[in-house]
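Structure first, then comments.
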Amino acid sequence: MSIWEEYFEDRKPSNNQVMQSIKRGLKQGYTEFEVSWGENMVSLQKNMNGTWFGHGWIRNISGDTLAKHFEQGGF
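Each step along the sequence shown adds one to the number in the numbering used here, with nothing skipped, and position 34 is 382.
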């Protein structure tokens, strides 16, 4: 399957908006995510064994922190 992508224009998305975007992609079966705001991007990937990996930043939103949240069942 391809990558779930969402681009936020204008103002910075909140942590909740980024989380909701990823959850929408999960419901549709996506396992790779890219959420962008301007030049800033957070990337997440869920491996076959259910392990989450994330990198990148959108201001104070860290891909690694989001991955840890989802790793702990935060959907």
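Glycine residues also receive a C-beta, built at the ideal position from the N, C-alpha and C atoms.
Note that the coordinates shown come from a computational prediction; the quantities given were computed from them, not determined experimentally.
Item	Value
Buried/exposed call for K375, threshold 16 Cβ in 10 Å	exposed
Limits of the beta strand (DSSP E) - the one that Q393 falls within	N388 to K394
Whole-angstrom distance between R372 and E353, CA atom to CA atom	11 Å
Contact set for D412: own chain, Cβ-Cβ below 7 Å, skip 5 residues either direction	G402 and H403
Three-state class that DSSP yields for I351 in the structure shown	coil
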